[in-house]
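Q:
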Amino acid sequence: MIKLAFFNSSVSWGGGEKWHMESALHFAALPNYDVFVFGAPDSELKKRLAHYPQITYIDFAVSNRSFLNPIKVNRLKSIFNTLSFDILIINGSADFKIAAYAGHLSGTKRIIYRRGSAIPIKNSAVNRYLFKNCISDVLANSLETKRTINMRFAAMFPLEKIKVIYNPIDTTPFQDKCVGKTKNDHLVIGNLARLAPQKNQAFLIDLSRALSHRKIRHKILVGGTGPLAHELEKYNKQMKTEHDVSFLGFISDLDGFFNQIDVFMLSSKWEGFGYVLAEAALYRKPSIAFDVSSNKELIEHDHTGYLVPYGDINQTIDSILSLSEQEKRDEFGNAGYQLVLKRFDQKVIYKQLEEFLK
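Pasting the structure below:
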């Protein structure tokens, strides 16, 4: 029996927590794994895992400075010693600092840092020590994430020990789904993301203004909530684009959202893994995104969508116009759907993950 532990102390829910929960459930269903999850006592992850008694959840709250607390480090080391894990998978920088060190002190054979963000790792003495002495492998969710690990310090971690395995996507519900065809007399562009600086939705307002100046009829639908909601609404009015740009708030009905758009536009400054691009492809919608970070791993330029230089409104408009015909949108949308099945389907991904953990 292989004892496998996941360590994720985030209180809120996000992509990393989704990955840890779904991976824990997958391995708990296999006959040769005993699965544990460490997390915050009041986390969303704990609430969701409460329905799955086959997974042992262990409360352990972590802050950014927990690794400096010898009592806390020794308590975690003691738990690790008692349970004798074969594999420990860690999420997030705060978890990384305390759990990797405690795991190393307890003699855990394999300590894996699962990295899901394409942000360069700081070249700090603590990070250099942990990567050199405590981590056995790094698991990255994209080639772009892998590239950023050694960006600030070339010798941070051996490249051959960084494995790229994409986020798994359950494509089954989409395989028999009837995807709606729009019957608009104008192009409807969709965006689905948190309203935050990284997601750069102000670009969509600027894009709408430029489209209107060129007399191109359009609507832009933006789904999501976040800290910039008020600021973006204000900017939308200031630019006099509120007739063409609508902020819809949280979207619970993804079918309804994707079935009313023609093209998906991701305006993000960067993405560790642009999951929403894969979602758009599953709905057979062509996508346009900036040629930054991992977007090229989800969009094949001029085949499933378009990659344009960051912030280039003119090239974005050219890409939108090239998708004005339904036939072209169908061609790109179907190609994107096949790409997701081949590259990101959970059956493919979990097989890779099982091989990696052997």
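Residue numbers 695 to 1052, in this note's numbering, belong to the letters of the sequence shown in order.
For every residue, glycine included, the Cβ atom is placed at its ideal position computed from N, Cα and C.
This one's a predicted model, so the numbers in the text were calculated from it and none came from an experiment.
1) Verify whether the separation of the beta carbon atoms of residue 811 and residue 754 is less than 8 Å.
2) Using alpha carbons as the reference points, say which of 858, 859, 939, 1038 lies closest to residue 881.
3) Do the CB positions of residue 807 and residue 784 come within less than 8 Å of each other?
4) Report yes or no: do three or more beta-carbon pairs, one from the segment 1017–1024 and one from the segment 816–834, lie closer than 8 Å?
5) Throw me the rounded Cβ distance for the residue 788 and residue 758 pair, which I believe falls under 8 Å.
6) Which one or two residues does DSSP pair with residue 701 in a beta bridge?
7) Look up residue 885 in the DSSP assignment and give the residues it is bridged to.
8) Where do the ends of the alpha helix (DSSP H) carrying residue 969 lie?
9) Sort out for me which residues DSSP pairs residue 1024 with in a bridge.
10) Specify, as a first and last residue, the run of the beta strand (DSSP E) that residue 999 falls within.
11) State the start and end residues of the unbroken beta strand (DSSP E) segment that holds residue 984.
12) Closest to residue 891 by CA distance: which of 1005, 840, 921 is it?
13) Are at least three pairs of beta-carbons, each pair with one atom in the segment 698–717 and one in the segment 729–741, less than 8 Å apart?
14) Taking only the alpha-carbon atoms, compute the straight-line gap between residue 897 and residue 982 and give it to the nearest angstrom.
15) Report the residue from 863, 911, 777 whose alpha carbon sits nearest the alpha carbon of residue 712.
16) Taking the DSSP output, what are the residues bridged to residue 842?
17) What distance in whole Å lies between the Cβ atoms of residue 959 and residue 884, which are believed to be in contact at a cut-off of 8 Å?
18) Could you pull out every residue in the same chain whose Cβ sits closer than 7 Å to the Cβ of residue 1040, ignoring the five residues on either side in sequence?
19) Just verifying my parser: in three-state terms, what is the DSSP assignment at residue 924?
20) Can you look up residue 995 in the DSSP assignment and give me helix, strand or coil?
21) Excluding five sequence neighbours on each side, which residues of the same chain lie with their C-beta closer than 7 Å to the C-beta of residue 1046?
22) Does the distance from the CB of residue 1010 to the CB of residue 975 come in under 8 Å?
23) Just how far apart, CA to CA, sit residue 888 and residue 917?
24) I think residue 820 touches residue 791, with their Cβ atoms under 8 Å apart; what is that distance to the nearest whole Å?
25) With a 10 Å radius around its C-beta and 16 neighbouring C-beta atoms as the bar for buried, classify residue 870 as buried or exposed.
26) Assign residue 934 to one of three DSSP states: helix, strand, or coil.
27) With distances taken between CB atoms, is the gap from residue 761 to residue 802 smaller than 8 Å?
28) When DSSP labels each residue in this structure, what does residue 857 get in the three-state scheme?
29) Measuring only the C-alpha atoms, how far is residue 962 from residue 772?
30) If you draw a straight line from the alpha carbon of residue 1048 to that of residue 718, how long is it in whole angstroms?
31) Can you pull the DSSP bridge partners for residue 823?
32) Residue 849: buried (16+ other C-beta within 10 angstroms of its C-beta) or exposed?
33) So, for residue 978: in the same chain, excluding its five sequence neighbours on each side, which residues have a beta-carbon less than 8 Å away from its beta-carbon?
34) For a quick check, are the C-beta atoms of residue 986 and residue 1004 less than 8 Å apart?
35) Tell me, please, which residues DSSP counts as bridged to residue 805.
36) Under DSSP, the alpha helix (DSSP H) around residue 715 begins and ends at which residues?
A: Answer, in terms of the structure:
1) no
2) 939
3) yes
4) no
5) 5 Å
6) 732, 784
7) 916
8) 969–976
9) According to DSSP, residue 1024 bridges with nothing at all.
10) 999–1002
11) 981–984
12) 921
13) yes
14) 13 Å
15) 863
16) Bridge partners of residue 842: none, in fact.
17) 7 Å
18) 862, 863, 864
19) helix
20) strand
21) 859
22) no
23) 8 Å
24) 6 Å
25) exposed
26) coil
27) no
28) strand
29) 43 Å
30) 12 Å
31) Note: residue 823 sits in no beta bridge, so no partner.
32) exposed
33) 873, 1024, 1027, 1028, 1030, 1031
34) yes
35) 782
36) 709–722
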